[in-house]
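So the protein sequences, as listed, match chains A and B. 1 is the number of the first residue of the first sequence in this note's numbering; add one for each residue after it. 108 is the number of the first residue of the second sequence in this note's numbering; add one for each residue after it. C-beta: ideal position from N, C-alpha, C; glycine also. Input: a single structure, listed below in structure tokens.
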Amino acid sequence: DIQMTQSPASLSASLGETVTIECLASEDIYDILAWYQQKPGKSPQLLIYDASSLHTGVPSRFSGSGSGTQYSLKINSLQPEDFASYYCQNGLSAPLTFGSGTKLEIK
Amino acid sequence: EVQLQESGPGLVKPSQSLSLTCSVTGYSITSNYWGWIRKFPGNKMEWMGYISYSGSTSYNPSLKSRISITRDTSKNQFFLQLNSVTTEDTATYYCARRRVFDYWGQGVMVTVSS
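Okay, here's the thing in structure tokens:
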């Protein structure tokens, strides 16, 4: 199984700040990497697919980058609605696996 | 618009089977992949398996022989059955489209308890 190591587990930031979340795969996943946002009581929402492609309707302040085994999600100019949990996901091979999540809280 | 909705009992007794339905509107399940994912208390997410456009399936080995995903194309629904549940199967269960999940159901919380 491909293990996804996500960091940090939690992050505290202020409105307008820029934050970065990292995800490390245990082997090369050839950019088949997705990022999701989840708010309490809601289902996860796809933000980024193929490591850097923005899903339809996702604000441009979200961006993804990386290759091979190392990937990151960057959120520019934090807005109130961005405070949520974020997960990365290996989409390359079954079993599809998720990172452990990052909870982004307002400072 | 693609919409998915899970349904099923919210409480299952240990050793029994958990059965959920995902009803899809706005897109045919004879195209693409359709999966089940669960989120445990404590926030760990686990992919359980999927059924493909052709009806083939792929399961998480961690669930071994306990899981079955089937479909009814006439109703545009697919189903999850998880046998011999324990309290460790308590989670929120989601259905979703594709291998990178672009559409999700709203989720159904299932508690395993006697």
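Contacts between residue 208 of chain B and chain A, judged by CB atoms closer than 8 Å, involve 34, 36, 44, 46, 89 in chain order.
Beta-bridge partners assigned by DSSP to residue 32 of chain A: none are found.
Looking at the backbone, the Cα of residue 35 of chain A and that of residue 212 of chain B are separated by about 17 Å. CA-CA distance, residue 113 of chain B to residue 185 of chain B, rounds to 10 Å. Annotated as distal: residue 24 of chain A and residue 97 of chain A, with beta-carbon spacing of 7 Å or more. Spatial neighbours of residue 116 of chain B in its own chain (CB-CB distance under 6 Å, excluding positions within 5 residues in sequence) are not present.
Judged by DSSP in its simplified three-state form, residue 172 of chain B adopts helix.
Between residue 17 of chain A and residue 78 of chain A, the C-beta spacing is below 7 Å.
Contacts with chain A at 7 Å (Cβ-Cβ) do not include residue 161 of chain B. Not a single CB atom of chain A sits nearer than 7 Å to the CB of residue 143 of chain B. Within the region 9 to 73 of chain A, not a single complete alpha helix (DSSP H) segment reaches 4 residues in length.
Counting the other CB atoms within 10 Å of its CB gives residue 102 of chain A a total of 16 or more, which places it among the buried residues.
At a cut-off of 7 Å between beta-carbon atoms, residue 80 of chain A makes no contact with chain B. Under the Cβ distance rule, residue 201 of chain B counts among the residues neighbouring chain A, one pair being separated by less than 7 Å. Against chain A, the beta carbon of residue 213 of chain B has neighbours under 7 Å at 43, listed in chain order. Taking 8 Å as the upper bound for CB-CB distance, residue 109 of chain B and residue 134 of chain B are in contact here, some 4 Å apart.
Nearest Cα to residue 142 of chain B within the set B:214, B:149, B:201, B:197: B:201.
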